[in-house]
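Q: Residue numbers (the working numbering): 2 to 101. Don't be surprised by glycine CBs; every beta carbon is placed ideally from N, CA and C. Values in this document were obtained by computation on a predicted structure and should not be read as measured data. Sharing a structure with you now.
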């Protein structure tokens, strides 16, 4: 099973790889534009991740008490990390294809 830190490492590697690939194929300025848009996504995703964790925790608590809250919160947070990884991939494709 993938841990929280494994997911973060995977996301970090995806960002580094995307930035390098964009810089190679489209140039430094486009890569910088990609990084700026990515910062916005990351800032928004912190709220999404927190909301997902809180929503999962409250739903889990209603069903299964403290353990349900812990499990629900973890599921909400991991789901948000998966969505972030997808957003990074979509953004990478957008900048590599020249549709920025």
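1) Please classify residue 44 as buried or exposed, where buried requires at least 16 other C-beta atoms within 10 Å of its C-beta.
2) Identify, in the order they occur along the chain, each residue of the same chain with its Cβ nearer than 7 Å to the Cβ of residue 30, setting aside the five sequence neighbours on each side.
3) Run the CB neighbour count on residue 93, radius 10 Å, all protein chains shown included, and call it buried at 16 or more, exposed below.
4) For chain C, check one thing: does any of its Cβ atoms lie closer than 7 Å to the Cβ of residue 20?
5) DSSP three-state call for residue 86: helix, strand or coil?
6) What three-state label does DSSP hand residue 13 in the structure shown?
A: For this structure:
1) With fewer than 16 other Cβ atoms within 10 Å, it is exposed.
2) For residue 30, there are no CB contacts under 7 Å within the same chain when 5 residues up- and downstream are skipped.
3) Flag for residue 93 reads buried.
4) Absent from the structure is chain C; it holds one protein chain and no more.
5) In the structure shown, residue 86 sits in a helix (DSSP, three-state: H, G or I).
6) Helix at residue 13.
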